[in-house]
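> Using this note's numbering, you'd call the opening residue of the sequence shown number 59 and step up by one each time. Beta carbons are placed, not taken as given, at the ideal position from N, Cα and C, and that holds for glycine. Since this is a predicted model, take the numbers as computed values, not measurements. Structure incoming, see below.
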Amino acid sequence: MNRVLLPLPLLCAAVPLAAQDLYRMPAGKIETRWASPENPGAEKGAGAKENGGRKGRPFIQIPAGSEAVLAEARGTSGTVRRIWLSFGERTPRILRGLRIQMYWDDAKTPAVDAPIGDFFGHMQGRMAPFESALFSSPEGRSFVCTAPMPFRRSMRIVVRNESGRDVPGLYYDVDFTAGDPHPEDILYFHAYFRRENPTTLQKDYEFLPLVRGRGRYLGVFFGVTADQKKYSFTWWGEGEVKIYLDGDREFPTLAGTGTEDYIGTAWGQGRFDHLYQGCHLADSEKMQFSFYRLHVPDPVYFYQDIRATIQQIGYLNPRWMGLVHQLGTKLYRAGSGLVERGPLEEGLFERQDDWSSVAYFYLNRPENGLPPLPPAEDRLRGVE
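Here is the structure:
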């Protein structure tokens with residue numbers, strides 16, 4: 059029997075999923091559960107009880123300053139398979155002010171801790187329709203994640219409202235299985251949000267600080283708001299991704315060739331969304347860009363530690379030289395030391411912009427030791 063690779067194999071497994079596995083019952087008893095407002099405890103035979111079973115509770119309310127548990131399971135192994143949610147006010151304040159956290163196996167600190175918009179790929183407080191292998195938003199009104207998230211003993215998914223505004227209606231489904239017989243080499247899903255506004259000249263933006271352990275780097279969503287007041291409409295994406303693996307310190311093992319190259323395009327960056335790479339927001343008037351790369355077909359494993367960065371390097375071409383010169387911005391050549399570039403000198407230059415990101419990875423423990431999520435006002439500053 060030939061084995062067929064499906065688009066979404068379990069990323070934690072090394073063997074491909076056979077086509078016949080779709081219609082083969084698994085060994086043991088693996089139960090399917092949906093946590094939703096109609097059955098928040100995901101209990102057997104407990105769904106759709108209100109209003110005579112006629113759509114009595116399709117959403118929940120989350121007042122400002124409160125929190126809601128979207129899904130919880132205890133005393134069982136399992137795998138979160140899909141998360142879908144939506145709400146009416148999809149403004150920057152809500153997208154950055156709502157905070158999603160995920161805890162595995164009774165961990166004290168969350169493995170996932172990010173603004174809800176950014177976690178699902180809606181960067182910079184802006185919605186955009188897109189489809190990828192693990193995240194999607196069919197019409198730019200929803201939040202979908204299908205990255206598999208295994209746990210051995212328990213899981214808990216929480217949304218905290220730090221926006222300062224009430225959320226009158228949050229619709230959601232958290233679909234998971236319980237009783238999965240996980241082997242010892244199963245890894246935990248993690249996600250880390252970071253923002254730097256502005257970035258620092260000649261200091262690479264670190265979208266994944268040093269993480270120790272064994273695991274797999276899964277990918278990243280980036281959001282960039284280029285500084286028009288300093289650089290007009292000049293190209294901002296010459297920076298290279300650098301991934302430091304297993305003891306790398308001064309120089310990385312993995313180095314790319316440019317920002318747009320990392321997501322599979324070239325010579326600029328327009329809108330596209332593919333399975334593993336895309337730029338789903340390309341606003342050349344506001345100079346805002348959201349883009350992603352998922353390392354599904356090209357895994358990045360680490361056995362000791364990992365750290366990942368991207369450079370902030372632009373390119374000055376003759377078209378924009380005069381306007382940048384009028385703005386009075388000092389430009390520095392890309393390279394060691396801050397050497398000022400002539401006002402009409404074409405080429406690479408160091409720059410500072412507003413960068414944000416969510417990095418995803420699997421790790422051999424439920425806690426990652428990364429810094430906590432910044433306060434809501436810091437996440438929102440300059441975004442609304």
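For H353, which residues in the same chain have their Cβ closer than 7 Å to its Cβ, ignoring the five residues on either side in sequence?
Here residue 353 is taken as the residue at index 295 of the sequence shown, counted from 1. The answer, listed in chain order, is Y275, L276 and G277.
> Could you compute how far the alpha carbon of R157 sits from the alpha carbon of R377?
Position 99 of the sequence shown, counted from the start, is the residue given in the question as residue 157. Position 319 of the sequence shown, counted from the start, is the residue given in the question as residue 377. Going by the C-alpha atoms only, they are around 42 Å apart.
> With a threshold of 16 other CB atoms inside 10 Å of the CB of Y246, please say whether the residue is buried or exposed.
Counting from one through the sequence shown, the residue named residue 246 turns up at place 188. Buried.
> Spatial neighbours of P310 within its chain, please: CB distance less than 6 Å, with the 5 preceding and 5 following residues excluded, ordered by chain position.
Numbered from 1 along the sequence shown, position 252 holds the residue referred to as residue 310. Excluding sequence neighbours, P310 sits near K300, I301 and Y302.
> According to DSSP, E96 sits in a beta bridge with which residue or residues?
Taking the sequence shown and counting its residues from 1, the one referred to as residue 96 is at position 38. Looking at the DSSP assignment, E96 forms no beta bridge with any residue, so it has no partner.
> Nearest to R270 by alpha carbon, out of G86, R214 and Y420?
For this step, residue 270 is matched to residue 212 along the sequence shown. The shortest C-alpha separation from R270 is found at Y420.
> To which residues of the same chain is A444 closer than 7 Å at the C-beta, ignoring the five residues directly before and after it?
This structure gives no information on residue 444, because the portion of the chain shown stretches from 59 to 442.
> Smallest Cα separation from W413: which of P116, M181 and R223?
Taking the sequence shown and counting its residues from 1, the one referred to as residue 413 is at position 355. Considering only alpha carbons, the answer is M181.
> Rounded to whole angstroms, what is the Cα-Cα separation between C70 and I244?
In the sequence shown, counting from the first residue as 1, residue 70 sits at position 12. In the sequence shown, counting from the first residue as 1, residue 244 sits at position 186. Interpretation of C70 is limited by its pLDDT of 42, a score under 50 that renders its predicted location unreliable; the figure taken from the coordinates is listed afterwards. Cα to Cα, C70 sits roughly 6 Å from I244.
> According to DSSP, simplified to helix, strand and coil, what is V62?
If you number the sequence shown from 1, residue 62 lands on position 4. In this prediction, V62 scores a pLDDT of 35, lower than 50, which makes its location untrustworthy; the coordinate-derived value is nonetheless stated afterwards. Three-state result, V62: coil.
> Per DSSP, N219 forms a beta bridge with which residues?
Taking the first residue of the sequence shown as position 1, residue 219 is located at position 161. L156, per the DSSP bridge assignment.
> Need the endpoints of the alpha helix (DSSP H) that I174 sits in, please.
As a working mapping, residue 174 is identified with position 116 in the sequence shown. I174 to F177 is the extent of the alpha helix (DSSP H) around I174.
> Are the segment 198-214 and the segment 108-121 touching by the rule of at least three beta carbon pairs closer than 8 Å?
no
> Roughly how many whole angstroms lie between the Cα atoms of S394 and R409?
One-based indexing of the sequence shown puts residue 394 at position 336. One-based indexing of the sequence shown puts residue 409 at position 351. Each residue's alpha carbon lies about 14 Å from the other.
> Around the C-beta of V225, are 16 or more other C-beta atoms found within 10 angstroms, so that it is buried, or is it exposed?
To locate residue 225, count along the sequence shown from 1; it is residue 167. Its Cβ being crowded by 16 or more others within 10 Å, V225 is buried.
> Report the residue ranges of all alpha helix (DSSP H) runs contained in full by the segment 262-295; include only those spanning at least 4 residues, in chain order.
Complete alpha helix (DSSP H) runs here, min 4: 286-289.
> Where does Y302 fall in DSSP's three states?
As a first step, residue 302 is located in the sequence shown; it is residue number 244 there, counting from the start. Strand, per DSSP.
> Between G183 and K344, what straight-line distance do the alpha-carbon atoms span, to the nearest angstrom?
Indexing the sequence shown from 1 puts residue 183 at position 125. Indexing the sequence shown from 1 puts residue 344 at position 286. Near 13 Å, if we compare the C-alpha coordinates of K344 and G183.
> According to the neighbour-count rule (16 or more other Cβ atoms, all chains shown, within 10 Å of its Cβ), is D176 buried or exposed?
Mapped onto the sequence shown, residue 176 falls at position 118. D176 is buried by the Cβ-count criterion.
> Tell me the DSSP secondary structure of L245 in three-state form.
Mapped onto the sequence shown, residue 245 falls at position 187. Correct three-state label for L245: coil.
> Starting from W325, follow the beta strand (DSSP E) in both directions and report where the run begins and ends.
Counted from its first residue, the sequence shown places residue 325 at position 267. Run containing W325: none; DSSP gives neither H nor E here.
> If the criterion is Cβ atoms closer than 9 Å, does the pair F265 and A417 meet it?
The residue labelled residue 265 in the question sits at position 207 within the sequence shown. The residue labelled residue 417 in the question sits at position 359 within the sequence shown. Annotated as proximal: F265 and A417, with beta-carbon spacing under 9 Å.
> Determine, using beta carbons only, whether V216 and A93 come nearer to each other than 9 Å.
Sequence index remark: in the sequence shown, residue 216 carries index 158 (1-based). Sequence index remark: in the sequence shown, residue 93 carries index 35 (1-based). Using a Cβ distance threshold of 9 Å, V216 and A93 do not count as a contacting pair.
> Quick one: grab the DSSP three-state call for H338.
Start at 1 with the first residue of the sequence shown, and residue 338 comes out as number 280. H338 carries a strand assignment under DSSP once its states are collapsed to helix, strand and coil.
> Below 6 Å CB to CB, which residues in the same chain sit around M415 once its five sequence neighbours on both sides are set aside?
Residue 415 sits at position 357 when you count from the first residue of the sequence shown. One detail in the question is off: residue 415 reads as Ser in this sequence, not Met. Counting only Cβ-Cβ distances below 6 Å, and skipping sequence neighbours, we find R252, F265, V278 and F280.
> Which residue's Cα is closest to the Cα of D331: V358, G295, P98 and S195?
Start at 1 with the first residue of the sequence shown, and residue 331 comes out as number 273. When only C-alpha atoms are compared, the closest one is S195.
> With DSSP collapsed to three states, give me the class of E108.
Your numbering for residue 108 matches position 50 in the sequence shown. Note: E108 maps to helix in three-state DSSP.
> L69 by DSSP, collapsed to three states: which one?
Counted from its first residue, the sequence shown places residue 69 at position 11. Because L69 carries a pLDDT of 45, less than 50, the predicted location of this residue cannot be relied on, and no value is offered for it.
> Just the C-alpha distance for V358 and N219, rounded to the nearest angstrom, thanks.
As a working mapping, residue 358 is identified with position 300 in the sequence shown. As a working mapping, residue 219 is identified with position 161 in the sequence shown. Computed Cα separation, rounded: 34 Å.
> Taking V127 as the reference, which of R82, G99 and R139 has the closest Cα?
Sequence index remark: in the sequence shown, residue 127 carries index 69 (1-based). Residue G99 is the option with its Cα nearest to V127.
> In the DSSP assignment, find the unbroken alpha helix (DSSP H) run with R351 in it and report its ends.
What you label residue 351 is simply residue 293 of the sequence shown in a count that begins at 1. No alpha helix (DSSP H) holds R351; the beta strand (DSSP E) holding it covers Q346 to L352.
> Mapping DSSP to helix, strand and coil, what is G372?
Along the sequence shown, one-based indexing puts residue 372 at 314. Strand at G372.
> Cutting at 7 Å between CB atoms, please list the residues of its own chain near V441, excluding the five before and the five after it.
For the purposes of this step, residue 441 is identified with residue 383 of the sequence shown, where counting begins at 1. Cβ within range, chain order: P150, R154, Q182 and G183.
> How would you call G86, buried or exposed, if buried means at least 16 neighbouring beta carbons within 10 angstroms?
The residue labelled residue 86 in the question sits at position 28 within the sequence shown. The residue in question, G86, is exposed, as its Cβ has fewer than 16 Cβ neighbours within 10 Å.
> Sort K166, Y161 and P424 by Cα distance to E130 and report the nearest one.
Locating residue 130 in the sequence shown gives position 72, where the first residue counts as 1. Nearest of K166, Y161 and P424 to E130, Cα basis: Y161.
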